[in-house]
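Under the working numbering, residue 467 is the last one in the sequence shown; the count climbs by one each step, no gaps. Beta carbons: idealized from backbone N, C-alpha and C, even for Gly. Computed from a prediction, not measured in an experiment: that's the story for all the values here.
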Amino acid sequence: MQLKKFLPILEWLPAYKSDNLKGDLSAGLTVGVMLIPQGMAYAMIAGLPPIYGLYASTIPLILYAIFGTSRQLAVGPVAMVSLLTATGIGALAQGGTETYIMLAITLAFFVGLIQFLLGAFRLGFLVNFLSHPVISGFTSAAALIIGLSQLKHLLGIKLERSHYVHEILIEAGSRIGEANLITVAIGILGIVLIMGVRRINKAIPGQLLAVVFGILAVWGLGLTEQGVKIVGDVPSGLPSFVIPGINIDNFSALL
Numbered sequence: 213m214q215l216k217k218f219l220p221i222l223e224w225l226p227a228y229k230s231d232n233l234k235g236d237l238s239a240g241l242t243v244g245v246m247l248i249p250q251g252m253a254y255a256m257i258a259g260l261p262p263i264y265g266l267y268a269s270t271i272p273l274i275l276y277a278i279f280g281t282s283r284q285l286a287v288g289p290v291a292m293v294s295l296l297t298a299t300g301i302g303a304l305a306q307g308g309t310e311t312y313i314m315l316a317i318t319l320a321f322f323v324g325l326i327q328f329l330l331g332a333f334r335l336g337f338l339v340n341f342l343s344h345p346v347i348s349g350f351t352s353a354a355a356l357i358i359g360l361s362q363l364k365h366l367l368g369i370k371l372e373r374s375h376y377v378h379e380i381l382i383e384a385g386s387r388i389g390e391a392n393l394i395t396v397a398i399g400i401l402g403i404v405l406i407m408g409v410r411r412i413n414k415a416i417p418g419q420l421l422a423v424v425f426g427i428l429a430v431w432g433l434g435l436t437e438q439g440v441k442i443v444g445d446v447p448s449g450l451p452s453f454v455i456p457g458i459n460i461d462n463f464s465a466l467l
């Protein structure tokens, strides 16, 4: 009994009904296909190489299937956390560097440790002290910043990382002449496809169609030769386990 308390999979797996397998496989395949581009995008928002988005999209799901109890909880990377990661670590190291990656891994460890302690001591009630207007305002502002931070990808130009809306808009406006028109066209068509499909039939995965058509267009028309940037090669397998080598000053900053 105690073992099932810590490993819920031992309780629900023996009682699993085979009739649900087809639906679960279909749902899992759909979510898995969407997680690939979504995870890589969230990693890039956090200032990390795209492969780390795939790590964060798969490993937590496997672990939660073993240790988790909720069937509704979404597990994995989200845009909000990616933005907070970039904001917190961006002042300590340059995005994409080894130091930055080590800081991000250490930050994830600290966050997980704090969440574990909060759960162990039943301190979840503290969330009730966060007022709804504060959370709503923070979420709205973060959504605006995240959206504008993708302007560089939509326009195909290089913009300095910033968490201030006016700075992003000013720099993007000053460099609008450098925009790659093919990249802009792909981005606009993708947005139109997603919004159009949603209006026609919400059951059709518009985001998935945009990803598939975008990949086919870049590959079939050789758009990389026209200046369209792609993710490129993604390393296979998992990285080896290492203890992050970070100085004490960075530890205190992360805390």
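Closest residue to residue i among the options (Cα-Cα distance)
| i | options | result |
| --- | --- | --- |
| I278 | Y312, L222 and G302 | L222 |
| G402 | I427, P447, G434 and G336 | I427 |
| L275 | L366, L233 and F218 | F218 |
| L296 | F350, S269 and M314 | F350 |
| V290 | Q284, S269 and G307 | S269 |
| L319 | G307, I301 and A305 | I301 |
| V293 | Y264, Y254 and T395 | Y254 |
| G308 | G399, V287, Y264 and S282 | Y264 |
| D236 | Y267, I317, A305 and R283 | R283 |
| I248 | L266, L433 and L241 | L266 |
Supposed close pair residue i, residue j - CB separation, criterion 8 Å
| i | j | result |
| --- | --- | --- |
| L405 | V377 | Contact doesn't hold; Cβ gap of about 27 Å is too wide. |
| L421 | V409 | 6 Å |
| N462 | L315 | 6 Å |
| G439 | G389 | Actually they are not in contact, since the Cβ atoms of G439 and G389 sit about 14 Å apart, beyond 8 Å. |
Coil, strand or helix - residue i by DSSP
| i | result |
| --- | --- |
| D461 | helix |
| Y267 | helix |
| A384 | helix |
| K234 | helix |
| Y254 | helix |
| A391 | coil |
| E223 | helix |
| I442 | coil |
Minimum length 4: unbroken alpha helix (DSSP H) runs contained in the region 403-438: As far as the region 403-438 is concerned, its whole alpha helix (DSSP H) runs of at least 4 residues are 418-433.
Every unbroken alpha helix (DSSP H) within the region 330-363, with a cutoff of 4 residues, ordered by chain: 344-361
Counting only runs of 4+ residues fully inside the region 276-332, write out the alpha helix (DSSP H) ranges in chain order. 291-302 and 310-332
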